[in-house]
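Below: the structure, in structure tokens.
There are 6 protein chains.
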Amino acid sequence: MFMHNKRLQYTVRVGETNPALASLLLEQFGGPDGELAAAMRYFTQGLGEDDPGRKDMLLDIATEELSHLEVIGSIVAMLNKGIKAQLSEAAQEEAELYRSITSGGDSHTQALLFGGGPSLTNSSGVPWTAAYVDTRGEPTCDLRSNIAAESRAKIIYERLINVTDDPGIKDALGFLMTREIAHQKSFEKALYAITDNFPSGKLQGVGRFTDVYVNTSQGEGDMSGPWNAAPQFEKIDELAEVMPADEGDGTATVKLSRPETAAAKRVAERTASDPANDAETGADLGAGPGAGKISGGEDMGTAKDIKTAAKTA
Amino acid sequence: MFMHNKRLQYTVRVGETNPALASLLLEQFGGPDGELAAAMRYFTQGLGEDDPGRKDMLLDIATEELSHLEVIGSIVAMLNKGIKAQLSEAAQEEAELYRSITSGGDSHTQALLFGGGPSLTNSSGVPWTAAYVDTRGEPTCDLRSNIAAESRAKIIYERLINVTDDPGIKDALGFLMTREIAHQKSFEKALYAITDNFPSGKLQGVGRFTDVYVNTSQGEGDMSGPWNAAPQFEKIDELAEVMPADEGDGTATVKLSRPETAAAKRVAERTASDPANDAETGADLGAGPGAGKISGGEDMGTAKDIKTAAKTA
Amino acid sequence: MFMHNKRLQYTVRVGETNPALASLLLEQFGGPDGELAAAMRYFTQGLGEDDPGRKDMLLDIATEELSHLEVIGSIVAMLNKGIKAQLSEAAQEEAELYRSITSGGDSHTQALLFGGGPSLTNSSGVPWTAAYVDTRGEPTCDLRSNIAAESRAKIIYERLINVTDDPGIKDALGFLMTREIAHQKSFEKALYAITDNFPSGKLQGVGRFTDVYVNTSQGEGDMSGPWNAAPQFEKIDELAEVMPADEGDGTATVKLSRPETAAAKRVAERTASDPANDAETGADLGAGPGAGKISGGEDMGTAKDIKTAAKTA
Amino acid sequence: MFMHNKRLQYTVRVGETNPALASLLLEQFGGPDGELAAAMRYFTQGLGEDDPGRKDMLLDIATEELSHLEVIGSIVAMLNKGIKAQLSEAAQEEAELYRSITSGGDSHTQALLFGGGPSLTNSSGVPWTAAYVDTRGEPTCDLRSNIAAESRAKIIYERLINVTDDPGIKDALGFLMTREIAHQKSFEKALYAITDNFPSGKLQGVGRFTDVYVNTSQGEGDMSGPWNAAPQFEKIDELAEVMPADEGDGTATVKLSRPETAAAKRVAERTASDPANDAETGADLGAGPGAGKISGGEDMGTAKDIKTAAKTA
Amino acid sequence: MFMHNKRLQYTVRVGETNPALASLLLEQFGGPDGELAAAMRYFTQGLGEDDPGRKDMLLDIATEELSHLEVIGSIVAMLNKGIKAQLSEAAQEEAELYRSITSGGDSHTQALLFGGGPSLTNSSGVPWTAAYVDTRGEPTCDLRSNIAAESRAKIIYERLINVTDDPGIKDALGFLMTREIAHQKSFEKALYAITDNFPSGKLQGVGRFTDVYVNTSQGEGDMSGPWNAAPQFEKIDELAEVMPADEGDGTATVKLSRPETAAAKRVAERTASDPANDAETGADLGAGPGAGKISGGEDMGTAKDIKTAAKTA
Amino acid sequence: MFMHNKRLQYTVRVGETNPALASLLLEQFGGPDGELAAAMRYFTQGLGEDDPGRKDMLLDIATEELSHLEVIGSIVAMLNKGIKAQLSEAAQEEAELYRSITSGGDSHTQALLFGGGPSLTNSSGVPWTAAYVDTRGEPTCDLRSNIAAESRAKIIYERLINVTDDPGIKDALGFLMTREIAHQKSFEKALYAITDNFPSGKLQGVGRFTDVYVNTSQGEGDMSGPWNAAPQFEKIDELAEVMPADEGDGTATVKLSRPETAAAKRVAERTASDPANDAETGADLGAGPGAGKISGGEDMGTAKDIKTAAKTA
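Chains as they are written, first to last, in the numbering used here: chain E, 34 to 346; chain W, 34 to 346; chain V, 34 to 346; chain C, 34 to 346; chain R, 34 to 346; chain S, 34 to 346.
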């Protein structure tokens, strides 16, 4: 059961109102790496977890993230406090209010639709979605997802710190950023407290494919490093060797029942494409009266013939 | 530039059609951990990456994931080949077709809307969204996200293998699952090829908060482990100590300009809540003629009085 | 700042596992009227609220809704506990597992993607979105939205109670449903503690339009009642009277600058539709060789001629 | 069946073009409280309603909202008429066109993607979603939702009026705003024409929980009012009393079958977290060569030690 | 299977960085008519297609669209290269960085959340969704959808060309735009290579309804042309003739079973609306003390009485 | 302005209730090719259109589509009328109601969340989104999009007809399907009434690229037809010729300012990947105690070595 104390986890001291900055900070309120995403990721994991240590940790951190949501939301509310009041009291001329709410970012929607309160959107106004939550109910996956999520949240805070010069906001953001570092460390510890955590799950892979690296992107810029070379990896440069990677012919087949085969044949006949049928098309009809051939009008470009270009290259 | 060869990366041999199984496999075609998500995660990272080694690796793996998208989509197409033909030719009685498309999972929508082709949805029919792609443009984050994503994709394949008894499908899924393991290893190698990769980004955290663990969830089940205890962590059990964590008073404040203050005062007065005003409400109006008090009618429950319960607890 | 105690607000006793029922209950976990929606509605309002009484109430109820989220999520986790374990251990034959996860509702996705944990989706698998949260930052709107939201949440719980025969689940759902009733009453009280709460906001409407009812849907079934008749309303049956409702001509106009006018003229000429140009179309080209006129083939229907029908009607 | 007359319900006279203002007005075209949301809310309710009076009213108001959608869309079209023509004719220098479409709000997308026509998005460009429609098929809920929705729509119009100084637009917005007031009154009348409308649905709540108020948010700022105090409510300040609210132990349990128990045991063993295993982690590996401990580098902050801070507080 | 060569399909030469322009170009990276949408539309069609000619064409064009995605994404990456580096190194003063990322469009989110890499969103920051992909598995539909999609993509490129004065970008966009024209022509040819392609599918329509045009929008502005008049169409102006279009009474009916009828009767009674019950409402309660009637306060408007207006009109 | 008559455009006679069938029909109520999508596509085009003929046609057809939305929604309401009443009155045993709402498709959510009314979702429960509306404000695009949309809607109706054996529903669906055919013909006529409608917009393409077909997908299955061969097209098989298609080197470049260059250099150094640094990774740490190498445990597969396979292929 949750309880709440009205004191924030970190004191919020905002120097002056600024709706455009408020809209940027929403990235950590209702954005994909924001505090709601964090809280819900750990909370859903905690509810589904049976291991007592992990369950406890997940609920601890989920709860702290809710407190962070409160801190960042409070900063947003402070930054919007002026426009909220002035818009609802029509306390300025229309033209001034118009300028105030179109001063940058997504502040216009924050003012008009959300009335200056913190909204669960990102800095573009995209509503938060649970699609951001990647809980999968397998601890070695979920902990890796948490580690990654904390590192992402850390970097978003760092960027916000870099664009803010209000010392009170910078200070609070620094606290929040640091807590993400601490949480990442907890999740790392928890991952490695599971003796055998790689690969995730129970099945080992097919041995002959686990250390193969397929060099599918070739040309100038091809590189070699520990991620694709010995001793860990065998690198396949000759793609024909893995097309397919098994001993088959690389096609897709299915056994159809007799009625399925019959129906498939009928649909094939009905919708057959006749390669010999070079018919007039709708585009021909619409290409305009003056043109001898489609798109043959005035050329917008200046580049040379494609063949020439190819030869030159 | 991309090129394509019509041979698949792995041969697909499906034993018989099964639209309901097809709808399950969509999880790895258009689901959050599916192959499109993987391809787009690495492709967007690769385009924004300047480090030559990582750029090469990201484009290699992105391209391979597109080939995996083709394999899984081909399995889905094979499993749906019968219903696709029969529905478009109305080759059965209506009642039989109705039964065929409501045989389980999300196969009804796959047949009706997508005509039996592979759709970029998950197994519930939720359209794929780029909200699944967590590329942030900072390599130490992105590689961690990739590691986590590969571990998630691996586990989804494992679950699909567990519910399928078609040997051809199992075989192809095993290949795809194994490649996720190999990719995770590449991303691990690439992460640790960056000398200093923790914490992500440039800023260190605030020293006094980096090794604190706030025990926000308490009661029976409180546990201790390396994720919240010494030597790494100092665990705070007395929450009043971190309410707030700084030396302030835990409130949120902002300095308002004079006109902002005036407007704020007016809106406060206009919308003031009067605690002494215990007025009749809309609910009172609507609570029905027979009841002496709201909700006082027949009680649906059988539990004892809350106070008694609380005392017993 | 939030704190958590590991005891639930209501004890959860589930009789037996049932993944399909679990998927139905998600409606109140990650659905539009579910507990996360409730918690976030009140929490965002509370952060943006300055009135001390309302702020306190909003944070109280937001916090309680988080505890409800925990209760409903715990029921889901219990119902899925069997399939979660069996799927991850592959503890049954594939065919049995396949049958287990396709037993109804959206349970297949819950098992495959979310591993049996509670997911922030509704009962169809649609991810929760902050688009459900209708906080607008004006208390007389927001309280009305809260009243409505509580009544919706109440009815969903009632429906879930009606389809469940597990006494432990019924009991917990009854508690949760009742709390929605109690919250609705609090919000009603709070709305009427604002002396002048209708219409919302500061502006009165235009007097001559506030008590007009436009009878736009006519024909058999036209009704009269206090919602459209005297003494409150003047009902307009003759729609020509309100087409337009002002003294204008009912058109839309704008003053264009000279260059805008010139550009508009050019685009009009370039894309002009020539009513005299009854050209052959792409559909004509594609209508098939045998047909004298488009769609003139075999008629699928049996109904009589439309003119005849019209005359009969 | 619907019919349409080309005259608008209110004459639209726009003084001059302004794409940025157009993008703000989209809030009421394709936003959550906009006219499409209103029309679809009442239309879906009307189709599912059997009570003749309510059905008639819902179709009347749904139809009028479609006419409002036409009015607001026409204003948007007028405001964009210049940029639409100039962009499609390339009637200015590129740099001028670039400046025109980046003049504020979301006008760039409106011009580039929607070509200056009214788009079904809100002022941030978020596409309209039926998730905004909260029809539940129970009249006492739906009418409350309608009342709330009308009050929200009213306030958005009020805010738009406050930021516009074009008299023709102000005039039309005033009409639209007023109609929302009138509709709210109709829905209120219709709600109270149902004799017993509270609580919604058929089930009464559990008596002992209907008048309890749980004071979950405590600390400085705790308030009392009719929404949480006698005579209506009994306020619980001692949270231990409602943890849990029933006579149980506040845990979640389920009875597992024998095979489920066995599988659960195996998964627990396989993924057990070993609290004694304080292993080296990926973060340790990546923390950089120079640091004696993780995050021990240069401290970004200036705040004092957390313990000191806590003691000071 | 896909392969990749590191050379782009078209050389990208960007004159100078410009994050705001980058955000506009995202329309063709992650927008509804962008290159990912194109690639996925054709790829999903190709996987589900059995006709060898169309399958080959669809895979050819899908693959080329992936190469276009790479070109447009590379332009975006180049335009953002400065802000990416400066933001991650905090290489400017906070205030300068703040100004840089709020210079227009959606560039703030691109910098903060995506770190300057190309994101799969449109120019408003809306994440790409597979809802954009309208593959239906029926070739005569899908080819028409492709034709339409190519024409839309062409026009978006044209608009982008019109707002850009960087010659390198203009050049690359011109190439991409032209390829859409070429693809449209291929799809036109493929559509007409199906002998009988109209109407789509197997069923002909009901003969008496296929050439009827219902003139549902009437009044000043009613027009006639080949789209609604003879020889193709019979135009119905008298709407009563098609209300309904069949010989029935235009109502909706269903046969209910006996228990269904009984339940329907009970719910009707319980929720009956009493037209005679003109009760006091929640709005009455909240209309404020001073007003004799609801909304009777100060009138915001200046327009004349609606009746008068109507008569004048 | 819109008006409504209570008679439907087509009489709805449903034989018996069937919630699962109702959920399938939602595809045309709130699905991507459903009637709301159609109505909104044409309505938004009509509002932005200045050409009188097209404007009239678009509003005519938009209005008719709203009437179709009413017809299909009425069928859904009839099919759900039994479950709606029984669920709200709890008129059956819980277990029976549970079975009724889990009888197939998405009927469970329709009953629980939407109470049996027609909801604006597709047959999977995905909420309707304006992302389905592809209005672009250029008539030659929009008409092509309309032609395609009508052909898609036609095919979905055909599929629904194929799975329904209720004659009344079949009859109404046949009417709706036929009207889509008629609308497609109107849009075709309107497209070709624009004299020069190809390519869309004002700019011609770059001449040397308009008739090139790039054969990017090669291998067995390569085909030739009018869509990629002479006389219309020049087919490029040698992909090196179009890599790049211009005379450049196929790279992406941008000119950076001096401070940008400096920052870029710093970030490159800080995050450099060291190809020589084959460090131990997190995966190594977690690979379990017994294994000599990662993933070296029990192999799940049976396939032969990849090299062998490749050679055999």
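Glycine is no exception: its CB is placed at the ideal position from the N, C-alpha and C atoms.
Since this is a predicted model, take the numbers as computed values, not measurements.
Below-8 Å beta-carbon distance, residue i vs any chain C residue
| i | result |
| --- | --- |
| Met90(W) | no |
| Lys39(E) | yes |
Any chain V beta carbon closer than 8 Å to residue i
| i | result |
| --- | --- |
| Ala320(R) | yes |
Chain S within 8 Å of residue i, Cβ atoms only
| i | result |
| --- | --- |
| Pro151(V) | no |
| Glu271(V) | no |
| Ile94(W) | no |
Chain E contact residues for residue i, given Cβ-Cβ distances below 7 Å
| i | result |
| --- | --- |
| Pro200(C) | The contacting residues do not exist; Pro200(C) stays about 11 Å from chain E at best. |
Helix, strand or coil at residue i according to DSSP, with G and I counted as helix
| i | result |
| --- | --- |
| Tyr246(R) | strand |
| Asn7(C) | Residue 7(C) lies beyond the residue range present for chain C, which begins at 34 and ends at 346; the question has no answer from this structure. |
| Lys288(R) | coil |
| Ile269(V) | strand |
| Ser157(S) | coil |
| Ser306(C) | strand |
| Gln143(R) | helix |
| Thr314(V) | coil |
Cβ neighbour criterion (16 or more within 10 Å) applied to residue i
| i | result |
| --- | --- |
| Ala273(W) | exposed |
| Ser178(E) | buried |
| Asp282(C) | exposed |
is_contact[residue i, chain W] using C-beta, thresh 8 Å
| i | result |
| --- | --- |
| Pro292(C) | no |
| Gln261(E) | The question names Gln, yet the displayed sequence has Asn at residue 261(E). At least one chain W Cβ lies under 8 Å of Asn261(E). |
| Ala70(E) | no |
Presumed contact (8 Å Cβ cut-off) between residue i and residue j, rounded CB distance
| i | j | result |
| --- | --- | --- |
| Thr284(R) | Glu97(S) | 19 Å between Cβ atoms; not a contact. |
| Lys353(E) | Gly234(W) | Nothing can be reported for residue 353(E), as the shown portion of chain E is limited to 34 through 346. |
Below-8 Å beta-carbon distance, residue i vs any chain E residue
| i | result |
| --- | --- |
| Asp83(R) | yes |
Cβ of residue i within 8 Å of any chain R Cβ
| i | result |
| --- | --- |
| Val287(E) | no |
| Asp167(C) | no |
Proximity test, residue i beta-carbon vs the ligand GTP heavy atom, cut-off 7 Å
| i | result |
| --- | --- |
| Ser250(S) | As far as ligands go, the structure on display features none, and thus does not contain the ligand GTP. |
Interface residues of chain V facing residue i [CB-CB closer than 8 Å]
| i | result |
| --- | --- |
| Gly106(W) | None at all; the shortest Cβ gap to chain V is about 17 Å. |
| Met276(W) | Met34 |
Within chain C, the residues that residue i reaches when beta carbons sit closer than 7 Å
| i | result |
| --- | --- |
| Gln119(S) | Neighbours of Gln119(S) on chain C: none; closest Cβ ~12 Å, over 7 Å. |
Proximal residues of chain E, C-beta to C-beta of residue i below 8 Å
| i | result |
| --- | --- |
| Arg192(C) | Leu120, Ser121, Ala144, Leu145, Gly148 |
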